[in-house]
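One structure is given here, and the rest of the page talks about it.
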Amino acid sequence: MNNKRAQWGSKLGFILAAAGSAVGLGNIWKFPGKAYEGGGGAFLLIYLAIVLLLGIPVMISELSIGRASQSNVVDSFRKLGYRGFSWVGWFGAIVAFLITCYYSHVGGWVLRYVFSYITQPQAVYADPTGYFYGLLGYDAATGATFFPWTAILFAAIFMALNAVIIIRGVESGIERFNKIGMPALFIILLILLVRAVTLPGSEEGLRYMLSFDWSKVNFHTVLVALGQAFYSLSLGMAIMITYGSYLSKDENIERNSVIICITDTMVAMIAGFIVIPAVFATLGADGVGKGGGFAFASLAGVFRQMPGGVFFGILFYLLLLFAALTSCISLIEGVVAFLTERFHWQRKPTTIIACSVMFLIGCVYTCSQAAFDIKGVWFDLANGVSFPIFGDAMEFLTDRLMIPLGALGCCIFVGWIWKPESAIAEIEQNGIKFGLAKPFRFLVRFFAPISIFVILVASLVFGTTLS
Ligand code: PHE
Numbered sequence: 209m210n211n212k213r214a215q216w217g218s219k220l221g222f223i224l225a226a227a228g229s230a231v232g233l234g235n236i237w238k239f240p241g242k243a244y245e246g247g248g249g250a251f252l253l254i255y256l257a258i259v260l261l262l263g264i265p266v267m268i269s270e271l272s273i274g275r276a277s278q279s280n281v282v283d284s285f286r287k288l289g290y291r292g293f294s295w296v297g298w299f300g301a302i303v304a305f306l307i308t309c310y311y312s313h314v315g316g317w318v319l320r321y322v323f324s325y326i327t328q329p330q331a332v333y334a335d336p337t338g339y340f341y342g343l344l345g346y347d348a349a350t351g352a353t354f355f356p357w358t359a360i361l362f363a364a365i366f367m368a369l370n371a372v373i374i375i376r377g378v379e380s381g382i383e384r385f386n387k388i389g390m391p392a393l394f395i396i397l398l399i400l401l402v403r404a405v406t407l408p409g410s411e412e413g414l415r416y417m418l419s420f421d422w423s424k425v426n427f428h429t430v431l432v433a434l435g436q437a438f439y440s441l442s443l444g445m446a447i448m449i450t451y452g453s454y455l456s457k458d459e460n461i462e463r464n465s466v467i468i469c470i471t472d473t474m475v476a477m478i479a480g481f482i483v484i485p486a487v488f489a490t491l492g493a494d495g496v497g498k499g500g501g502f503a504f505a506s507l508a509g510v511f512r513q514m515p516g517g518v519f520f521g522i523l524f525y526l527l528l529l530f531a532a533l534t535s536c537i538s539l540i541e542g543v544v545a546f547l548t549e550r551f552h553w554q555r556k557p558t559t560i561i562a563c564s565v566m567f568l569i570g571c572v573y574t575c576s577q578a579a580f581d582i583k584g585v586w587f588d589l590a591n592g593v594s595f596p597i598f599g600d601a602m603e604f605l606t607d608r609l610m611i612p613l614g615a616l617g618c619c620i621f622v623g624w625i626w627k628p629e630s631a632i633a634e635i636e637q638n639g640i641k642f643g644l645a646k647p648f649r650f651l652v653r654f655f656a657p658i659s660i661f662v663i664l665v666a667s668l669v670f671g672t673t674l675s
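Residue 277 in the working numbering sits at position 69 of the sequence shown; the count goes up by one each step and never skips.
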């Protein structure tokens, strides 16, 4: 659009930022529980196949669309000459917006836990579940509910941190933060892995994660794995198109995509091999929870049982914090890049307004937790169903519906409209060779769109009865 468009300062900077976007709460907060429910090893295999056959081609497609168009997610399709596909971009921007609303609040809870572990671990230890409920506005002892102002306050701080980094811009804000955050994350991850697998009794959890319980697998599991993989790779929405648009023409998109996908998947697997064995070793198999509270309520119980628990607890929540920040930044950048370029708004006020709006909507999420898990704060209208299902509805709408649809749109666009040849030409510039061009063409034209479509439809039709 203009030649002042931002660019990444270095190769490593881009990889770390893209991996930072991918590695997030999805890997550490969502993945282990889903892997457990999906049958351990069986789920891991399905997940791996999805990343290899669908994730990598879609990642390559999104980065090439972004770099070819040098544009935000909505305008990129128009820039390439296909206005009719702008809906894929709109979808992306809307999904990023919706996800940020709740993501920033969970980030706030994580920040609260980092503080709690540093300043008053005994309070968490005394009653891990009660502490978590208390954060969300429910007093388990008396049954009273109240406004969860601590959680809201920390969400506001978390959002403000994001805004500060985004306002500084692509290179000196986003890239610089990721260069610190990502290495820190890897180091913490490895320390925790060693701790978890050396706990007495962790073998059973390891065995579970390596066993293949296919009886738990159905269409629904496959859709969950698909939604989880795309969510985890930050695909099917504004992000990788936006990040690709800041990429210089002599970057190797193919190699970068493979590195980002492998890194993200490794982190998810390692998180699974930390969380599940640690839970088995301390709380037993029944301790593996499903809901969003698992990383908070149950894991606090895990750290309580573990030698050196406070130390490892601080590390764990710091890990989550870095992961959440680097991802949330990318979500907001997707929204902000779109708004500033589309409407020619200034970066700073746009960031502040967008962050405030998303934060406020997210308050519904935090406030509705107590109503959902236990009973009403605000939204427990006559003990009925109301906003308490906000979190679940959100996950269904974004992870299971809009993200697969956005990814499908992207495959159809690259496979049939813009054509794989254009993506290949975009990738093969400045003497770069696209070694996987042949499989890419096949996957993006046939395999990926057909399988995403089949999984989506099958699961919507049979999913509820089979699950
Ligand atoms: N990939 C991130 C995670 O795993 C979440 C995310 C989704 C970030 C979409 C950006 C865009 O937590």
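Think of the CB as a built atom: it goes at the ideal place given N, C-alpha and C, for glycine as much as any other residue.
Strand pairing of residue i, partner residues [DSSP]
| i | result |
| --- | --- |
| Tyr346 | Thr353 |
| Gly289 | Looking at the DSSP assignment, Gly289 forms no beta bridge with any residue, so it has no partner. |
| Gly274 | Partner(s): none; Gly274 has no beta bridge. |
| Gly248 | Phe420 |
Opening and closing residue of the alpha helix (DSSP H) in which residue i lies
| i | result |
| --- | --- |
| Ala489 | 461-490 |
| Arg320 | 294-327 |
| Arg384 | 384-405 |
| His428 | 427-440 |
| Pro515 | First-last for Pro515: undefined, no H or E at that position. |
| Lys641 | No alpha helix (DSSP H) holds Lys641; DSSP gives it neither H nor E. |
| Tyr451 | 446-453 |
| Gly221 | 219-230 |
| Gly614 | 611-620 |
| Pro628 | 628-635 |
Exposure of residue i, with buried meaning 16 or more beta-carbon neighbours within 10 Å
| i | result |
| --- | --- |
| Pro515 | exposed |
| Trp624 | exposed |
| His313 | buried |
| Ser380 | exposed |
| Phe551 | exposed |
| Gly351 | exposed |
| Val669 | exposed |
| Ser218 | exposed |
| Gln577 | buried |
| Asp458 | exposed |
| Gly216 | The residue asked about is misnamed: residue 216 is Trp in this sequence, not Gly. Answer is buried; the Cβ neighbour count reaches 16. |
| Trp422 | exposed |
| Leu568 | exposed |
| Leu271 | buried |
| Ala676 | The structure shown has nothing for residue 676, since the chain only spans 209 to 675. |
| Gln436 | buried |
| Gly643 | exposed |
| Ala476 | buried |
| Ile185 | Since the first residue shown for the chain is 209 and the last is 675, residue 185 is missing from the structure and cannot be characterised. |
| Pro265 | buried |
| Ser269 | buried |
| Ser456 | exposed |
Same chain only: Cβ atoms within 8 Å of residue i, ignoring 5 sequence neighbours per side
| i | result |
| --- | --- |
| Phe524 | Ile396, Leu400, Leu507, Phe511 |
| Ile663 | Phe427, Val430, Leu431, Leu434, Pro612 |
| Ser535 | Gly228, Ser229, Ala230, Val231, Gly232, Leu233, Gly234, Tyr311, Ser442 |
| Gly509 | Pro336, Thr337, Thr490, Leu491, Gly495 |
Proximal residues to residue i (C-beta, below 6 Å), its chain only, five neighbours per side dropped
| i | result |
| --- | --- |
| Lys583 | Residue placement at Lys583 is flagged as unreliable, the pLDDT there being 43, under the threshold of 50; the coordinate-derived value follows with that caveat. Counting only Cβ-Cβ distances below 6 Å, and skipping sequence neighbours, we find nothing. |
| Ala545 | Asn280, Thr450 |
| Val425 | Gly247, Ala250 |
| Ala503 | Trp237 |
| Leu414 | Pro485 |
| Gly542 | Ala304, Ala446, Ile447, Thr450 |
| Phe293 | Phe285, Phe621 |
| Asn386 | Leu224, Ala225, Gly228, Thr534 |
| Gly521 | Tyr325, Phe511 |
| Val518 | Pro329 |
| Gly444 | Phe438, Ile611, Gly614, Ala615 |
| Gly300 | Val281, Met445, Ala446, Gly614 |
| Thr676 | Because the chain here runs from 209 to 675, residue 676 falls outside it and cannot be looked at. |
| Tyr290 | Ile625 |
Distance cut-off 7 Å: residue i Cβ against heavy atoms of the ligand ZN
| i | result |
| --- | --- |
| Met367 | No copy of the ligand ZN appears in this structure; the ligands present are the ligand PHE. |
Close beta carbons around residue i, own chain, < 7 Å, minus the five adjacent residues each side
| i | result |
| --- | --- |
| Val318 | Tyr525, Leu528, Leu529, Ala532 |
| Ile373 | Gly381, Ile382, Phe385, Ile537 |
| Ser419 | Gly248, Gly249 |
Below-8 Å beta-carbon distance, residue i vs any chain C residue
| i | result |
| --- | --- |
| Tyr341 | Chain labels in this structure do not include chain C; a single protein chain is all it has. |
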